[in-house]
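Written out below as structure tokens is the structure these notes cover.
Residue numbers (UniProt numbering): 1 to 65.
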């Protein structure tokens, strides 16, 4: 994604970090913005489930010792 590349390459980094949501909205049309938000929420949910599963697995193994 172009915004992330600019941030990673330190091009307009400060501005983009502060205004990422607004910049992304301007880049996307309304429908594309909604799809982007849904995709980001799905990724966040999957990451959260993975982290919880890892912690639960760790707690399970500690309790067996």
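Backbone N, C-alpha and C fix where the C-beta goes; we use that ideal spot for every residue, glycine too.
Between the alpha carbons of residue 36 and residue 30 lies a distance of about 10 Å.
If you look at residue 7, you'll find it in the alpha helix (DSSP H) that goes 2–8.
Beyond the five residues adjoining it in sequence on each side, residue 57 comes within less than 7 Å, by CB distance, of no other residue in the same chain. In this model, residue 23 and residue 48 are separated by some 26 Å (Cα to Cα). Under the three-state reduction of DSSP output, residue 27 falls in the helix class.
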